[in-house]
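Colleague: I have a structure here, written as C-alpha cells, and I will follow up with some questions on it.
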Amino acid sequence: MRRQGWAAFCAVTLVLSGCKEREVAGTWSNASGSVALSRDDALLYVVDADNGILAVVDTARQEKVSEVRVGPRPERVTVGPDDTVYVTNRGGRSVSVIRRGDAVEAARIDVGVEPTGLVVSPDGDTLYVVNSATRTSATHGSLTAIDTESLTARWELPLGEEPRGIALLEGGRKAAVSLFRQGDVMTVDLSDADRPRVLRDGTDLNARANAASAPRAVTALDTPLPPSAPRGARTFRARGMVDIMGAPDGRRLFAPVLWSREDALAASPDDGGFQGGDSLYGGGTPCGADVGGGVVAAGLITFDADGEAPEPVVDDLDECKPPPDRTPDYPTSLIASPSLITPVQGPAAAVVDPSGAWLFLVNQETNNVAIVPAWRRSGQDLPNSTSSVRQTVLVGAGPNGIAITRDGRKVYVYNAFDHTLSTLVSSGDGIDAVSEERTRLPIAGDVLSPMAAAGRRLFFTATDERMTSPMVAISCGSCHLEGREDGHVWGFPDGPRQTPSLAGRMTTSTAPFHWSGEFSGLGDFMNATVKDRMGGKALDSDTVAKLAAFIDTIPATDNPFRGEPLTEAQARGAALFKKAACDTCHAGAVLTNNANADVGTFVREGVLKDAAQVIRAGLNTPSLLGVGRTAPYLHDGSAPTLRARLLNGRESNQHGLTAQLSDADVDDLVEYLQTL
Numbered sequence: 001m002r003r004q005g006w007a008a009f010c011a012v013t014l015v016l017s018g019c020k021e022r023e024v025a026g027t028w029s030n031a032s033g034s035v036a037l038s039r040d041d042a043l044l045y046v047v048d049a050d051n052g053i054l055a056v057v058d059t060a061r062q063e064k065v066s067e068v069r070v071g072p073r074p075e076r077v078t079v080g081p082d083d084t085v086y087v088t089n090r091g092g093r094s095v096s097v098i099r100r101g102d103a104v105e106a107a108r109i110d111v112g113v114e115p116t117g118l119v120v121s122p123d124g125d126t127l128y129v130v131n132s133a134t135r136t137s138a139t140h141g142s143l144t145a146i147d148t149e150s151l152t153a154r155w156e157l158p159l160g161e162e163p164r165g166i167a168l169l170e171g172g173r174k175a176a177v178s179l180f181r182q183g184d185v186m187t188v189d190l191s192d193a194d195r196p197r198v199l200r201d202g203t204d205l206n207a208r209a210n211a212a213s214a215p216r217a218v219t220a221l222d223t224p225l226p227p228s229a230p231r232g233a234r235t236f237r238a239r240g241m242v243d244i245m246g247a248p249d250g251r252r253l254f255a256p257v258l259w260s261r262e263d264a265l266a267a268s269p270d271d272g273g274f275q276g277g278d279s280l281y282g283g284g285t286p287c288g289a290d291v292g293g294g295v296v297a298a299g300l301i302t303f304d305a306d307g308e309a310p311e312p313v314v315d316d317l318d319e320c321k322p323p324p325d326r327t328p329d330y331p332t333s334l335i336a337s338p339s340l341i342t343p344v345q346g347p348a349a350a351v352v353d354p355s356g357a358w359l360f361l362v363n364q365e366t367n368n369v370a371i372v373p374a375w376r377r378s379g380q381d382l383p384n385s386t387s388s389v390r391q392t393v394l395v396g397a398g399p400n401g402i403a404i405t406r407d408g409r410k411v412y413v414y415n416a417f418d419h420t421l422s423t424l425v426s427s428g429d430g431i432d433a434v435s436e437e438r439t440r441l442p443i444a445g446d447v448l449s450p451m452a453a454a455g456r457r458l459f460f461t462a463t464d465e466r467m468t469s470p471m472v473a474i475s476c477g478s479c480h481l482e483g484r485e486d487g488h489v490w491g492f493p494d495g496p497r498q499t500p501s502l503a504g505r506m507t508t509s510t511a512p513f514h515w516s517g518e519f520s521g522l523g524d525f526m527n528a529t530v531k532d533r534m535g536g537k538a539l540d541s542d543t544v545a546k547l548a549a550f551i552d553t554i555p556a557t558d559n560p561f562r563g564e565p566l567t568e569a570q571a572r573g574a575a576l577f578k579k580a581a582c583d584t585c586h587a588g589a590v591l592t593n594n595a596n597a598d599v600g601t602f603v604r605e606g607v608l609k610d611a612a613q614v615i616r617a618g619l620n621t622p623s624l625l626g627v628g629r630t631a632p633y634l635h636d637g638s639a640p641t642l643r644a645r646l647l648n649g650r651e652s653n654q655h656g657l658t659a660q661l662s663d664a665d666v667d668d669l670v671e672y673l674q675t676l
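full-length UniProt numbering numbers the first residue of the sequence shown as 1 and each following residue consecutively.
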C-alpha cells in the first residue's frame with residue numbers, strides 16, 4: 001500500500017517536477033546508453049561511436065567545452081562516486097578512464113570482446129563491465145570486475161550468450177545482466193567480492209508471455225493465419241534486450257525489448273488497409289492486440305526485484321486485463337503509441353526519473369522518447385485507454401542515450417545519427433508537459449560518406465513511408481539488430497528463415513540474394529522486403545544505393561580470435577576445412593560461391609516448412625565471415641551451435657564430406673570456423 005500510495009501521489013504531479021523518492025544504497029542510475037551526468041549535474045558526458053570521442057558539455061552554459069579521444073567505437077559511459085568517467089570501447093576491447101577536468105585518458109583497461117554495459121559499485125571501489133564475448137570464446141560473454149584504485153581486473157565471470165546491460169541490486173550485492181538476443185535476464189551474486197557466482201541464468205519470461213491459450217477474437221484488420229495454425233496460436237519472443245535499469249527504490253527493474261512473432265506468418269491477400277503497400281502479414285503482441293502493427297513491436301519488461309532473483313511481470317497471464325481482485329501496478333509489456341501518427345519502435349535506452357513514477361524510453365527507429373508511468377498502466381493523465389504512453393517527444397536521428405538530472409527537471413538525449421544533443425524540459429501542466437528545449441547542440445560531425453549516412457537513417461527508420469507504413473512501423477534494423485542478426489527464426493510463407501548477419505560480410509557483392517537466392521539484384525530484393533514485409537513503397541535506385549552504401553560500412557562483429565596465430569587445434573581444423581571440401585561452396589574472400597545447394601536441411605513437415613519451389617531451387621550458400629557469433633545456424637535455426645550443425649547429417653555427406661570426420665575432427669573444425 002505504501003508503494004501504491006506513493007505512485008498515486010506522483011502520478012498527479014508534473015513530469016520532471018522533481019517529486020523525489022529514496023534511492024536505495026546508490027544503485028539507481030540516472031543515465032543509460034551513450035550519455036551520463038557528473039555527480040553535481042554540471043557536466044554531461046557524451047560518447048560518439050563514429051568519431052571515437054567522449055564529449056564534455058557544460059549543462060549551465062549548454063555548450064560543448066572539450067572532447068577526449070577514447071577507444072574505437074565507444075558504446076556507453078558511466079560516472080563513479082568520485083566523478084571518474086568510464087567508457088566502454090566496443091571496438092577496442094577496452095575501457096577508457098577519464099578524470100574530471102582532464103582532456104586525455106588517465107588509463108585504458110583491457111577487458112573482454114565488445115564491452116558494452118558498465119556500472120560502478122555504490123562504494124566506488126569496483127567497476128563492473130559486461131563483455132559481449134570473451135577473448136577465448138565466441139559462444140558466451142562475461143562480467144569483469146575492475147578495482148578502481150589499481151585499475152586492474154579482479155575476476156572475470158562467464159555469462160550467457162551476448163550479454164549487454166547491467167543493473168545493481170540490494171546495494172550492490174547482486175547484479176542483473178540483460179541477454180541481448182535471448183531477451184532475458186541473468187542474476188549474479190556479488191556478495192563475496194572475490195567469488196562471484198551466477199544465481200540464475202535466466203527467467204521464464206517467454207513462457208509467461210505465451211502462457212495464455214484462450215483464442216483471441218478475430219478483428220476486421222486481423223491477418224489470417226495458415227489453416228494449420230489455429231486462431232489463438234500466435235506466440236511471441238522477447239529479443240533485443242539492450243539494457244536494464246532500476247527504479248530509485250530498488251524494488252523494480254525495467255528492460256526495453258522487441259516482441260517478435262514466432263508462429264507461422266501468412267501473406268496478406270490485400271493491403272489490409274495499410275498505406276504505402278501490402279501489410280507485413282499482420283502483427284499482434286503478447287497482449288493479444290491483433291489490430292495493426294507489424295511482426296515486431298516495442299516492449300518494456302517489468303521485473304520484480306524483491307526476491308532472490310528478478311522475476312518478470314508479463315501481461316499475457318491475463319490477456320493484459322487485470323484479474324478482478326487487483327489493479328496491476330506495472331506498465332503493459334507492449335509500448336504502443338497513443339497515436340498512429342507517431343509510432344514507437346526500436347527501444348535503445350531508458351531511465352526512470354528520481355521520483356520513480358515515470359520512465360523515459362528512447363526509441364532509435366522512431367526518433368522519439370516515450371514517457372510511461374512506471375508503476376501503473378492507466379490514469380486520467382494518459383491520453384487514451386489503448387496506450388500506457390503519456391506522451392512522445394520528438395528528438396534527433398538515431399537516439400541511443402539518455403540522462404536525467406537528479407532534481408528531475410531536465411532530460412538529455414543523444415542523437416547518434418546526426419551527432420546532436422536534445423534537451424527536454426517541462427513546458428506546462430497538460431498532457432504535452434515535456435518538450436525539446438531550444439536548438440539541438442552539435443557534438444560531432446559525420447565520418448560516414450553522405451550516401452552511407454543517409455543509408456543508415458533509411459536502414460533504421462520506422463517512420464519514413466518509403467520504407468514502412470505508419471501501421472506497420474518497423475525498420476530493416478527491427479530484424480537485423482545493429483545491422484547484424486537477431487537470433488530469431490521467422491515463419492515466412494516460403495518457410496522458416498533465420499535472420500542472417502549483414503555485418504562485415506560484403507553483402508552487396510554476394511548476389512543472388514535471399515535464402516533461396518531468388519533475387520538477382522539488390523534492388524529487387526530490397527523492394528520485395530520493403531513492400532511485402534515492411535509496408536513500404538517501391539524504392540528508386542538512389543534509395544537502394546544509399547542503403548547499399550551503409551550496409552557495406554557495417555563493421556564486422558569482433559572475433560575473439562581476430563589477429564591471433566592459429567592454435568594447433570585451429571590449424572588442424574583449417575586442414576579439415578579443405579579435406580571435407582567445405583571450401584568448395586564457402587570459397588573466396590566472402591566465403592561463399594553464391595550458388596544454391598541442397599545440404600539436407602529442408603523442413604518438409606509441420607506448420608513451418610519449406611515451400612516446394614524452395615526445395616526445388618535449393619538454398620543459397622551463406623557467408624561464413626564472423627560465423628562464430630551468429631548462432632543459431634542453418635536457415636531454420638535448428639542447430640544451436642556449430643558443433644551441432646556439423647553433427648547434423650554428418651553421415652550423409654550432403655554438407656561437405658563429413659562422414660569421414662571423427663568427433664575429435666569435428667571439434668577441431670569448430671575451432672577453425674570460430675576464427676573466420
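The beta carbon of each residue, even a glycine, is placed where N, CA and C say it ideally should be.
Give the single residue among V413, L424, H586 whose Cα lies nearest to the Cα of A348.
Modeller: V413
Colleague: Between P331 and D201, what straight-line distance do the alpha-carbon atoms span, to the nearest angstrom?
Modeller: 25 Å
Colleague: Give every residue of the same chain whose Cβ lies closer than 8 Å to the Cβ of N593, excluding the five residues on either side of it in the sequence, and list them in chain order.
Modeller: T584, C585, H586, A587, T621
Colleague: Which runs of the alpha helix (DSSP H), 4 residues or longer, sit entirely within the stretch 323-369?
Modeller: none
Colleague: Grouping DSSP H, G and I as helix and E and B as strand, with all else coil, what is L669?
Modeller: helix
Colleague: What residue range does the alpha helix (DSSP H) around I551 cover?
Modeller: Boundaries of the alpha helix (DSSP H) around I551: 541-551.
Colleague: Smallest Cα separation from P442: which of R39, D41, V46, W28?
Modeller: V46
Colleague: Using beta-carbon positions only, say whether L205 and D184 come within less than 8 Å of one another.
Modeller: yes
Colleague: Could you name each continuous beta strand (DSSP E) segment of 3 residues or more that falls completely within the stretch 88-149, going from the start of the chain to the end?
Modeller: 94-98, 107-110, 113-120, 126-133, 142-147
Colleague: Check whether the stretch 562-574 touches the stretch 511-527, counting contact only when three or more Cβ pairs, one atom from each stretch, lie closer than 8 Å.
Modeller: no
Colleague: With DSSP run on the structure shown, which of helix, strand or coil describes S662?
Modeller: coil
Colleague: Taking contact to mean at least 3 C-beta pairs separated by less than 8 Å, is the stretch 598-606 in contact with the stretch 642-655?
Modeller: yes
Colleague: Nearest CA to the CA of D306: which residue from G250, V352, G294?
Modeller: Comparing Cα positions, the closest option is G250.
Colleague: Confirm, please, whether the CB-CB distance from C476 to F459 is below 8 Å.
Modeller: yes
Colleague: Throw me the rounded Cβ distance for the D552 and T499 pair, which I believe falls under 8 Å.
Modeller: Not confirmed; about 19 Å, so no contact.
Colleague: Put Q391 into one of helix, strand or coil per three-state DSSP.
Modeller: Three-state DSSP puts Q391 in a strand.
Colleague: If you drop the 5 nearest sequence neighbours on each side, which residues of the same chain put their C-beta closer than 8 Å to that of D102?
Modeller: V68
Colleague: Can you tell me whether R497 is helix, strand or coil according to DSSP?
Modeller: strand
Colleague: Beta-carbon within less than 7 Å of T235's beta-carbon, same chain only, minus the 5 sequence neighbours each way: which residues are those?
Modeller: N210, E262, D263
Colleague: Between which residues of its own chain and L647 is the CB-CB distance below 7 Å, once the five residues before and five after are set aside?
Modeller: V666
Colleague: State the beta-bridge partners of F492 as determined by DSSP.
Modeller: Answer by DSSP bridge pairing, in chain order: G495.
Colleague: Below 8 Å between beta carbons: does that hold for S178 and G165?
Modeller: It is a contact, given that the beta carbons lie within the stated cut-off.
Colleague: Output the distance between the C-alpha atoms of L673 and G487, rounded to the nearest integer angstrom.
Modeller: 18 Å
Colleague: What residues are listed by DSSP as bridge partners for P158?
Modeller: P158 has S142 as its beta-bridge partners, per DSSP.
Colleague: So the candidates are A403, W490, V472, V530; which of them puts its Cα closest to the Cα of R466?
Modeller: Considering only A403, W490, V472, V530, the residue with the shortest C-alpha distance to R466 is V530.
Colleague: Under a Cβ-count criterion, where at least 16 other Cβ atoms within 10 Å of its own Cβ denotes burial, should P493 be classed as buried or exposed?
Modeller: P493 is exposed by the Cβ-count criterion.
Colleague: Do you know how far the Cα of N131 is from the Cα of V111?
Modeller: 7 Å
Colleague: For my contact list, A473 and G294 are in at a C-beta cut-off of 8 Å; report their separation, rounded to the angstrom.
Modeller: 6 Å
Colleague: Please report the Cβ distance between V242 and G299, rounded to the nearest whole angstrom; I am assuming they are in contact, meaning their Cβ atoms lie under 8 Å.
Modeller: About 12 Å separates the two Cβ atoms, so there is no contact after all.
Colleague: Judging by CA-CA distance, which residue of F550, A167, T405, V95 is the nearest neighbour of N30?
Modeller: T405
Colleague: Is residue 677 helix, strand or coil by DSSP?
Modeller: Here the chain has residues from 1 to 676 only, and residue 677 is not among them.
Colleague: Is the stretch 32-44 in contact with the stretch 74-81, if contact means three or more CB pairs nearer than 8 Å?
Modeller: yes
Colleague: Just to confirm before moving on: does the CB-CB distance between L547 and M526 stay below 8 Å?
Modeller: Yes, Cβ-Cβ distance for L547 and M526 is below 8 Å.
Colleague: Please state whether the Cβ-Cβ distance between V87 and L54 is less than 8 Å.
Modeller: yes
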